[in-house]
Amino acid sequence: MTRELRTAPSLSALYARSLLHRPRRAVDFPRTTVSLRGNRFDVDRVAAFCRSTGFPLRDTVPLPFPHLVGFGLQVDLLVREPFPFTLLGLVHLAQSFEQTRPLSVEESFDVSVRAVGMHAHRRGATVDLVTEVRTGTEKVWTGRSRYLARGVSWPGRAEEPARLPAPEGPGTLWRVPADTGRTYAAVSGDVNPLHLSPVTARLLGFRRALAHGMWTASRSLSAIGGPPPGAARFDVEFGKPLLLPATVRHVAVEEPDGWSTAVRSRDGSKLHLAARLTSS
10 MTRELRTAPS LSALYARSLL HRPRRAVDFP RTTVSLRGNR FDVDRVAAFC RSTGFPLRDT
70 VPLPFPHLVG FGLQVDLLVR EPFPFTLLGL VHLAQSFEQT RPLSVEESFD VSVRAVGMHA
130 HRRGATVDLV TEVRTGTEKV WTGRSRYLAR GVSWPGRAEE PARLPAPEGP GTLWRVPADT
190 GRTYAAVSGD VNPLHLSPVT ARLLGFRRAL AHGMWTASRS LSAIGGPPPG AARFDVEFGK
250 PLLLPATVRH VAVEEPDGWS TAVRSRDGSK LHLAARLTSS
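Taking the numbering used here, the leading residue of the sequence shown gets 10, the next gets one more, and so forth.
1) Report buried or exposed for Pro111, applying the criterion of at least 16 other Cβ atoms within 10 angstroms of its Cβ.
2) Hey, how far is the Cα of Asn201 from the Cα of Leu97?
3) Would Phe80 and Ser197 be called neighbours here (beta carbons separated by less than 8 angstroms)?
4) For Phe118, which residues from the same chain have a beta carbon less than 6 angstroms from its beta carbon, with the 5 sequence-adjacent residues on both sides left out?
5) Give me, in chain order, the residues of the same chain whose beta-carbon lies closer than 6 angstroms to that of Val262; leave out the 5 immediate sequence neighbours on both sides.
6) Cutting at 7 angstroms between CB atoms, please list the residues of its own chain near Glu116, excluding the five before and the five after it.
7) Sorted by chain position, which residues of the same chain lie with C-beta nearer than 7 angstroms to Ser229's C-beta, five sequence neighbours on each side aside?
8) Taking all protein chains shown into account, do 16 or more other C-beta atoms lie within 10 angstroms of the C-beta of Gly267, making it buried, or fewer, making it exposed?
9) What is the rounded straight-line gap between the Cα of Asp244 and the Cα of Leu253?
10) Taking the beta carbon of Met10 as the centre, do at least 16 other beta carbons fall within 10 Å, making it buried, or is it exposed?
11) Per DSSP, Trp224 forms a beta bridge with which residues?
12) Which residues share a DSSP beta bridge with Asn3?
13) Sort Val136, Pro265, Leu29 and Ala232 by Cα distance to Phe64 and report the nearest one.
14) Can you give me the C-alpha to C-alpha distance between Thr95 and Val70, rounded to a whole angstrom?
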């Protein structure tokens with residue numbers, strides 16, 4: 010079934026609704042697709058995203074940016090459909106972005122989101138959400154988000170996927186300010202209380218606010234100047250939460266077909282993110 014929205018959903022309203030949401034003890038995940046047609050990029054929002062994450066201003070959108078458009082549909086799907094878990098408390102484990110070509114800031118496009126699978130995990134269950142962007146009949150961008158629902162029982166054997174390489178070395182130090190979560194929330198619309206302040210983060214079990222994983226991933230990609238024009242894929246695995254404020258170390262290693270990157274704590278003992286950029 011496809012549920013077509015007329016306008017972009019209000020994330021603040023959906024987060025408020027999620028506080029009253031109760032998980033459905035379903036034996037399967039919903040097969041609904043949420044879609045929104047005839048979109049255009051908000052140029053001011055693209056510019057704000059670039060300022061927040063370090064991308065230069067161009068006439069094409071940065072590779073991660075369409076995720077911001079699809080994220081509202083993801084939240085709408087997770088809150089309004091009968092999943093066996095609640096939105097708050099989900100952990101973003103992994104993300105991929107793939108484009109067949111760069112998207113112009115002036116293009117009109119359709120976006121859709123659907124769940125494609127749930128799997129057993131040693132700490133609960135995971136769900137994969139796929140976001141697709143099309144211009145006419147051409148699929149030009151695909152994102153795949155994997156979230157962990159802790160403590161949820163799901164049939165099947167828990168399997169550990171292969172890990173991305175996480176380069177080590179001196180790298181470059183980043184100073185990540187305390188207001189990074191609020192700044193990125195204003196751009197992305199992701200107003201999860203974990204990211205907004207120490208007070209709201211403590212309500213969810215963290216002593217300080219956390220940086221958005223998507224901010225960290227986007228900042229890592231911008232730091233290597235990617236992607237180049239053309240088809241490209243960026244795969245990300247999230248590690249330890251990045252508590253704010255922080256000083257972290259970004260390590261990037263160029264490879265024949267792209268780059269491998271890592272974001273580590275200043276002393277290198279904690280891995281916050283590992284990523285790999287490939288292009289063709």
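By construction, the Cβ of each residue, glycine as well, lies at the ideal position given by its N, Cα and C atoms. Being a predicted model, the structure only gives us computed values, none of them experimental.
Looking at the coordinates:
1) Taking the sequence shown and counting its residues from 1, the one referred to as residue 111 is at position 102. So Pro111 ends up on the buried side.
2) Translated into the one-based positions of the sequence shown, residue 201 becomes position 192. Translated into the one-based positions of the sequence shown, residue 97 becomes position 88. Straight-line measurement puts the Cα of Leu97 at about 8 angstroms from the Cα of Asn201.
3) Looking up residue 80 in the sequence shown gives position 71. Looking up residue 197 in the sequence shown gives position 188. Yes. Within cutoff.
4) Taking the first residue of the sequence shown as 1, we reach residue 118 at position 109. By the criterion of a C-beta distance shorter than 6 angstroms, Phe118 is surrounded in its chain by Asn48, Val142 and Thr144, once the five residues flanking it on both sides are discounted.
5) For this step, residue 262 is matched to residue 253 along the sequence shown. Cβ neighbours of Val262 beyond the five flanking positions: Pro176 and Ser269.
6) Numbered from 1 along the sequence shown, position 107 holds the residue referred to as residue 116. Cβ neighbours of Glu116 beyond the five flanking positions: Thr144.
7) The residue labelled residue 229 in the question sits at position 220 within the sequence shown. Only His259, Thr270, Val272, Leu282 and Ala284 meet the Cβ criterion.
8) Taking the sequence shown and counting its residues from 1, the one referred to as residue 267 is at position 258. Taking every protein chain shown into account, the CB of Gly267 has 16 or more other CB atoms within 10 angstroms, so this residue is buried.
9) Within the sequence shown, the letter at position 235 stands for residue 244. Within the sequence shown, the letter at position 244 stands for residue 253. The straight-line gap from Cα to Cα measures roughly 24 angstroms.
10) Counting from 1 along the sequence shown, the entry for residue 10 is found at position 1. Met10 comes out exposed.
11) On the sequence shown, residue 224 is found 215 positions in, with the first residue counted as 1. The partner list for Trp224 (beta bridge, DSSP) is empty, contrary to what the question assumes.
12) Past the boundaries of the shown model lies residue 3; the chain is included only from 10 to 289, so the question cannot be answered.
13) Counted from its first residue, the sequence shown places residue 64 at position 55. Ranking Val136, Pro265, Leu29 and Ala232 by Cα distance to Phe64 puts Ala232 first.
14) Taking the first residue of the sequence shown as position 1, residue 95 is located at position 86. Taking the first residue of the sequence shown as position 1, residue 70 is located at position 61. Separation of Thr95 and Val70 (C-alpha to C-alpha, rounded to the nearest whole angstrom) is 32 angstroms.
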